[in-house]
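Trainee: All the letters of the sequence shown, read from the start, carry residue numbers 1 to 362 under UniProt numbering.
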Amino acid sequence: MVKDTQKQGNAVLHIGELESGTINKGDELNAEVNADSRKAISRNHSATHLMHAALQQVLGEHVSQKGSLVDSEKLRFDFSHFEPVKKAALKQIEQIVNQQIRGNGEARAKEMLLEEAKASGAMALFGEKYADVVRVVSMGNHIGDGHFSTELCGGIHVNRVGDIGFFKITAETGIASGVRRIEAVTGEAAVNWVEQKERQLDSLAQLLKSSRDEVNGKVEQLMQKLKEQDKQLTQLKGKMASQAGNDLSSQAEDIGGVKVLTAFLEGADSNTLRDTLDQLKNKLGSAAIVLASDEGGKVKLIAGVSKDLTKTIRAGDLVNIAAAEVGGKGGGRPDMAQAGGSNPAAIPQALEAAKSWLQKQL
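1) Note down, in chain order, each residue of its chain lying with its Cβ closer than 8 Å to the Cβ of I156, except the 5 sequence neighbours on either side.
2) DSSP beta-bridge partners for G304?
3) By DSSP, does Q65 sit in helix, in strand, or in coil?
4) How long is the line joining the alpha carbons of A190 and Q95, rounded to whole angstroms?
5) Could you give the first and the last residue of the continuous beta strand (DSSP E) run that contains A109?
6) Is the stretch 101-121 close to the stretch 85-93, with three or more CB pairs under 8 Å?
7) In angstroms with no decimal places, state the Cα-to-Cα distance between Q229 and A350.
8) Rounded C-beta distance between V63 and S80? I'm assuming under 8 Å.
9) Taking K74 as the reference, which of L207, E188, E61, N141 has the closest Cα?
10) Which whole-angstrom value describes the C-beta separation of F264 and A303, a residue pair presumed to lie in contact below a C-beta threshold of 8 Å?
11) So is T150 buried or exposed if we call it buried at 16+ other beta carbons inside 10 Å?
12) Figure out for me which residue from A287, D36, G285, Q65 has the closest Cα to the Cα of R181.
13) Identify which residue in E28, I143, G316, C153 has its Cα closest to the Cα of A109.
14) Would you give the residue range spanned by the alpha helix (DSSP H) that T276 belongs to?
15) Looking at the structure shown, is M1 part of a helix, part of a strand, or coil, going by DSSP?
16) Which value, in whole angstroms, describes the spacing of the CA atoms of F167 and A11?
17) Going by DSSP, which residues form a beta bridge with L13?
This is how it looks when you write it as structure tokens:
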């Protein structure tokens, strides 16, 4: 099975794998082209030319090819452009290519002198070395004296662009500074891609108990409902933090006139920890506090120090004493700092380490 071809001098090397049987030096072999694969590659290659021309038409003449891949399943085209291509522009490019496909213009290859080809407006790759005689591929509907697309190219193409069948862009991404990448499919692969999206839409409609046309509205309703529930949850967490502050304040120890408190709040998220810390600082006055929680197997720590103590005790130092016990590190302001950790089982030791350190400082 031939996987690749490479040119060395005037020779074309066929590179592949022996899938069965044996082969010896000097054996004569019969070569047979995989017609289906060749046709698919031709469709994708010709679609790449049409898309290149459409990109220049929609985005500007600064667009130039920076790389490409064409195989039997898809096409990939890298090009110069300074920002992500907007969805509306992608749709316009797609429409232009499909318009050319429906027009079913011919694809014509012709050999001519390099200077003659450039004078005719044929696109050439910047930095590429060409022979004195080049192959020029023109395709698509006639525009004036020329065609929609004219490029220097030595590859295989369809006879008429209608043979491409259908063109669909599947992705647009950035791969380097000033270089964008478009991936697309053609023919049966494009139809299969659209059918897959339709099945996904049908599944979503079924989950939402709606028709396809009602999916957007249903999703918007769910998002609005979720937003309202998040607001209610935030209010509830605030009340819980206030209650926790009242409950925990009685557990604070007086060390040298400073209230010291270390506590574990099971399942509390970062916002709840911050709100609880604020409640405790307001209630305790001159205080040093460390709170911990275990959320989803991750340790969350927060330390707070009243402003009158920040010259002798910094919240960042305090939280890092605790964080070291749970395999983490943190930082923040002198009066408030946060940290994370990866060992929830060590939370009791972390809180004890923080308390011991505070006792030494005070």
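Ideal placement from N, C-alpha and C gives every residue a C-beta, glycine not left out.
Mentor: Reading from the atomic positions:
1) Here the set comprises R38, I41, S42, H45.
2) I289, M336.
3) Q65: strand per DSSP, three-state reduction.
4) If you take the alpha carbons of A190 and Q95, they lie about 14 Å apart.
5) Segment 107-113, the beta strand (DSSP E) holding A109.
6) They do not touch, by the three-pair rule.
7) Cα-Cα distance, rounded: 34 Å.
8) At roughly 6 Å, the Cβ-Cβ gap stays under 8 Å, so V63 and S80 are in contact.
9) The option with the nearest alpha carbon to K74 is E188.
10) About 14 Å separates the CB atoms of F264 and A303; that is not less than 8 Å, and the two are not in contact.
11) Buried.
12) The option with the nearest alpha carbon to R181 is Q65.
13) Residue C153 is the option with its Cα nearest to A109.
14) 270-284 is the span of the alpha helix (DSSP H), which, as asked, contains T276.
15) Coil, per DSSP.
16) In this model, F167 and A11 are separated by some 35 Å (Cα to Cα).
17) BP columns for L13 point to Q6.
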